[in-house]
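In the working numbering, the protein residues as written are 469 to 973.
Take a look at the structure:
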């Protein structure tokens, strides 16, 4: 029993060590108390204020935009509701650089260019709403589906209308789901780098962008640590409000009913907008922006020898596939071990890294190369692993943790050790879940941008997201759209395969 407890502690803390050690060495060598003086700087105060403002604004607008589709999905089981539910692939799997590319093109269209949306707060919020509103749809609809139909029936008997039932009866019950969705969306918006960097321009900078600029520009590492600490503290305080959100244990039959026709019309418009942006990311790669004519020139350029000498398109695809494959395999195996050795501190360790700046983590990993000459490709893989584990953990938890105990107990008769139980009992049953999780983690890693960008590995290890960003930065929008289409195709195929294996299980 004692050995088992030691193993649990070791496995759980191993993940924490992955990101604690680089930060520890970095802080030991570079942090200076005097750096706290930057918090008095008016510019830094403005950056912190803007980070909170755009994160909160984007989250609230995303909530308002996604509320009606979430309500519609909760009470219907038709083609429209299923199509809206499928939008959840956007925040988790749609590469951020693909979003940057398509919105850069859309905001540059003549009808929108004069409105000054590009390089403005409006542009940032619009991109964040597209990217993150499906999270609210997912969480709120799942919360409403769990509310038994008896609740609304009882309130109708007392004369309550639809609005009263929602705000007084249903809303208090779905507050936990609503809070989790808000925290997740705010975190994504608050830590946003690619969207702020490309659609905000020099006028706007959040803490994450400021950390990246500080590290790559003036190399003021102590200042970056202070900014990272402020970022972590803000997210920690926000998460602390969760203690005031009461959880409810509710059971009953799901309610299916007809909703207002305006809700359906709005939901259709929402679905068309979301899928329309994804579709445009494909279509714009075939349209010459100057002539408006169909062309394959962007694809011919993309894979031409001359173009690849400058931008390494093909090499970046193969290197990203290789790195994503290796890290995804390691992630699935590591997540399995973590869940099998679950204890009360596991969730805290797994999700605590969500408040750590990706840009700051990247530079601490780079410093490990300076100290110990660890190959950069391994450090990049560790960075991807740290970011992928919380998401993969969410995918795999219910399947591994809820594995039938009676099967495991029976297997102890024939299986002598942990390895045999895994090979002959658990793996045959969970293999589809492992494959699904591998594919979904692969899709996330393949489109990752922040860590690779901050480590500035473009000249050392060509990464698809970095190469695509350089295309956008050099205003090669057609080639960038074509490359985004290629990347999105790879990501969608892996995501859909992952969904297939999950449904098969």
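Note that the Cβ used here is the ideal one computed from N, Cα and C, for glycine as well.
For the pair of segments examined, the segment 746-766 was found not to touch the segment 893-911: the number of CB pairs separated by less than 8 angstroms stays below three.
Here residue 783 has 930 as same chain residues with Cβ atoms under 6 angstroms from its own Cβ, once five neighbours each way along the sequence are excluded.
Non-local C-beta neighbours of residue 853 in its own chain, meaning closer than 8 angstroms and more than five positions away in sequence, comprise 486, 795, 798, 799, 802, ordered along the chain.
Note on geometry: alpha-carbon atoms of residue 923 and residue 497 lie some 19 angstroms from one another.
Note that the C-beta distance between residue 707 and residue 656 is not below 8 angstroms. Membership of residue 935 in the alpha helix (DSSP H) is indicated by the continuous run 932-941.
Taken in chain order, the complete alpha helix (DSSP H) segments of 4 residues or longer contained in the segment 837-913 are 844-869, 873-882, 886-889.
Ranked by Cα distance from residue 736, the first of 883, 546, 971, 842 is 546. Secondary structure remark: continuous beta strand (DSSP E) runs of at least 3 residues inside the segment 553-615: none found. For residue 849, the closest of 514, 920, 619, 860 by C-alpha to C-alpha distance is 920. The residue among 685, 568, 538 with its C-alpha nearest the C-alpha of residue 554 is 538. Taking all protein chains in view, the Cβ of residue 941 is surrounded by fewer than 16 other Cβ atoms within 10 Å, so the residue is classified as exposed. The alpha-carbon of residue 898 is positioned some 14 angstroms away from that of residue 873. The three-state reading of DSSP puts residue 824 in coil, since its state is none of H, G, I, E or B. Taking C-alpha positions only, residue 592 is separated from residue 892 by approximately 51 angstroms.
When the beta-carbon positions are compared, residue 837 and residue 829 stay at least 8 angstroms from each other. A Cβ-Cβ distance of about 5 angstroms is found for the pair residue 947 and residue 770, placing them in contact under the 8 angstroms criterion.
Between residue 625 and residue 595, the C-beta spacing is not below 8 angstroms. Inclusion of residue 609 and residue 694 in the CB contact set at 8 angstroms is not warranted, their separation being larger than that value.
Relative to the Cα of residue 752, the nearest Cα in the group 574, 966, 598, 658 belongs to 574. The residues 661, 664, 665, in chain order, have a CB closer than 7 angstroms to that of residue 677 in the same chain once the five nearest residues on each side in sequence are set aside.
Counting along the chain, residue 680 sits inside the alpha helix (DSSP H) bounded by residues 675-681. Beta-bridge annotation (DSSP): residue 755 is paired with 762.
Between residue 859 and residue 560, the C-beta spacing is below 8 angstroms.
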